[in-house]
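Asks: In order, the protein sequence lines correspond to chains A and B. The numbers in this note's numbering rise by one with no breaks, and the one at position 33 of the first sequence is 447. The numbers in this note's numbering rise by one with no breaks, and the one at position 231 of the second sequence is 248. Where is the CB? At the ideal position from N, CA and C, for every residue including glycine.
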Amino acid sequence: MYPHERSLVKRLADKPFALVGVNSDKDKDELKKAMEKENITWRSFWDGGSTNGPIAKKWNVHGWPTIYVLDDQGVIRYKNVRGEAMDKAVDALLKEMEGKSKK
Amino acid sequence: MRRLLLIAPLLLALSPAVWAQDKDKPDKPDTPAASAEKELKELNADFNKAQQELYKPLQDAKSQEEALKIFEKEKIGEKQAKMIADFAKRALAIADKYAKEKDAAADALIWVVTHAESGSEKTKAIDLIIHDHISNKKIETTVLPRLVGMPLEDNEKLFRAVAEKADTPDRKATAKLQLAKFLKSKAEAVEQVKGLDENTKKMIEMRVGKDALAKIVSADPVKATAEAEKLFESIVKDADKESISASIKANAESELFEMQHLAIGKQAQDIEGEDIDGKKFKLSDYKGKVVVIDFWGNW
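(1) Buried or exposed for G305 (chain B), going by 16 or more other Cβ atoms inside 10 Å?
(2) So with Cβ pairs under 7 Å, would you call I310 (chain B) a contact of chain A?
(3) Pull the bridge partners of N437 (chain A) from the DSSP assignment, please.
(4) Would you call the stretch 113 to 129 of chain B and the stretch 139 to 146 of chain B touching, i.e. three or more CB-CB distances under 8 Å?
(5) Which stretch, first to last residue, makes up the alpha helix (DSSP H) that contains T191 (chain B)?
(6) Does V253 (chain B) pass the burial test, meaning 16 or more other C-beta atoms within 10 Å, or should it be called exposed?
(7) Considering only residues of the same chain and omitting the five flanking positions on each side of T124 (chain B), which have a CB-CB separation below 7 Å?
(8) Against chain A, which members of the stretch 262 to 280 of chain B pass a CB distance test of less than 8 Å?
(9) Please identify the residue among B:N153, B:S202 and B:T158 whose C-alpha is closest to the C-alpha of K182 (chain B).
(10) Comparing C-alpha positions only, which one of B:F249, B:R177 and B:A121 sits nearest to A51 (chain B)?
(11) CB-CB under 6 Å to A236 (chain B), same chain, minus the five flanking residues each way: which ones, in chain order?
(12) Counting along the chain, where does the beta strand (DSSP E) carrying V483 (chain A) start and finish?
(13) Which one of A:H418, A:P468 and A:K509 has the shortest CA to CA distance from V436 (chain A)?
(14) Are there 16 or more other CB atoms within 10 angstroms of the CB of V309 (chain B), so buried, or fewer, so exposed?
(15) Kindly indicate if chain A contains any beta-carbon less than 7 Å away from that of D292 (chain B).
(16) Excluding sequence positions up to five away, which residues of its chain have a Cβ less than 7 Å from the Cβ of S262 (chain B)?
(17) Are the stretch 100 to 117 of chain B and the stretch 55 to 69 of chain B touching, with three or more C-beta to C-beta distances below 8 Å?
(18) Determine, using beta carbons only, whether Q284 (chain B) and V504 (chain A) come nearer to each other than 7 Å.
(19) So what does G290 (chain B) bridge to, in DSSP terms?
(20) Leaving aside the five residues before and after S458 (chain A) along the sequence, list all residues of the same chain whose C-beta is less than 6 Å from its C-beta, in chain order.
(21) At a CB-CB cut-off below 7 Å, which residues of chain A make contact with Y303 (chain B)?
(22) I'd like to know whether the C-beta of Q284 (chain B) is nearer than 7 Å to at least one C-beta of chain A.
(23) What does the alpha-carbon distance come out to for the pair S137 (chain B) and L175 (chain B)?
(24) Do E246 (chain B) and M276 (chain B) have their beta-carbon atoms positioned less than 7 Å apart in this structure?
(25) So K493 (chain A) is in the beta strand (DSSP E); what residue range does that whole segment cover?
(26) Looking at T191 (chain B) and E318 (chain B), is the spacing between their C-beta atoms short of 7 Å?
(27) Which word fits S135 (chain B), buried or exposed, when buried means at least 16 other C-beta atoms lie within 10 angstroms of its C-beta?
(28) Quick check on I281 (chain B): buried or exposed, where buried means 16 or more other Cβ atoms within 10 Å of its Cβ?
(29) When DSSP labels each residue in this structure, what does Q487 (chain A) get in the three-state scheme?
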């Protein structure tokens with residue numbers, strides 16, 4: 415999971431793209447250590463230290479990981495795309511953005 | 018999850034827990050109801066045996082591709098369709114023979130409906146249930162939950178009939194909830210089936226029938242979604258006027274919220290919170306960028 419996301423973030427570093435996490439871990443210190451070790455550079459919301467946190471609840475998340483992909487207008491465009499499908503989804507939206515700005 | 022529902026019956030032997038439950042009951046004298054129950058139990062045992070026999074060649078398959086090859090070579094798809102149709106005919110005969118024993122006849126029809134995906138026997142069983150057994154509690158408690166992820170035409174007829182004919186507010190709300198979920202899965206199935214790999218598609222086609230699968234794909238997802246949303250809305254609205262159990266209302270509300278705020282094409286709700294270091298930030302800070310939201314945990 416992490417290596418894939420790491421490479422996505424790295425590949426799109428100079429594009430209008432962001433990976434935003436919502437983390438449901440229990441122990442913040444453990445998490446910080448793990449993030450350092452795994453070189454997780456993207457920002458995450460801390461969801462109160464449980465899988466029943468307010469954000470996960472509001473988004474009806476019952477399984478982890480759960481993925482949403484939003485376009486530049488904040489509209490939900492893809493759900494639960496993983497691996498290559500995630501890359502494809504993001505690339506398609508970036509391309510769409512470029513298309514719009516040319517017009 | 019729903020994708021699994023559509024495929025699961027193919028890959029696993031159907032193991033109907035419903036039928037196993039009655040096994041410990043002591044033998045009753047041979048009333049018509051008892052004979053009917055016995056005949057149905059025998060049918061079920063024979064079916065399980067026949068099914069095991071049929072799937073035997075698949076046991077050695079190491080991959081889905083291999084399984085599909087065996088499937089085709091041994092003509093398991095065709096045999097399966099014929100086997101299910103034969104057993105469905107037998108169950109229909111039991112329902113007919115014991116038509117006066119309402120519960121027993123209903124059980125036999127339920128067997129057909131929960132084992133056959135399509136075909137004339139299934140259509141007939143659904144029509145009979147709608148006509149004679151619509152208020153049988155098992156339809157709501159056992160049958161509909163099992164069919165909710167199988168967006169087939171005959172099933173839809175049953176969901177609609179139950180919703181229409183339910184006789185108390187609570188039953189009506191439950192039936193509407195189930196119909197709405199069925200319609201939601203009908204809408205989702207269109208894209209799901211299109212996205213399946215060829216092998217899985219073939220296996221599903223063998224199970225549900227070519228025509229039935231074509232109908233799943235050609236359904237109008239926008240229309241089905243809109244109707245589902247309206248149903249969820251009306252359940253929530255009615256709940257304020259009539260006594261409907263809180264869990265049904267909560268269920269409808271959560272579905273409605275998901276459709277209105279969490280579905281593809283909807284504006285994402287903002288997230289405001291703190292990051293791991295306690296610094297405040299918002300999802301809307303990223304407007305103008307493509308954003309992947311990743312709900313994750315380091316476990």
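Replies: Taking the coordinates as given:
(1) exposed
(2) yes
(3) A:W460 and B:W313
(4) yes
(5) P186 to G212
(6) buried
(7) The question names Thr, yet the displayed sequence has Asp at residue 124 (chain B). Excluding sequence neighbours, D124 (chain B) sits near L57.
(8) S271, F274, E275, L279 and A280
(9) B:N153
(10) B:A121
(11) K203 and V207
(12) T480 to L484
(13) A:P468
(14) buried
(15) yes
(16) D187
(17) yes
(18) no
(19) B:F298
(20) G435 and N437
(21) A432 and V434
(22) yes
(23) 15 Å
(24) yes
(25) I490 to K493
(26) Chain B is shown only over 18 to 316; residue 318 (chain B) falls outside these bounds and no answer can be derived.
(27) buried
(28) exposed
(29) coil
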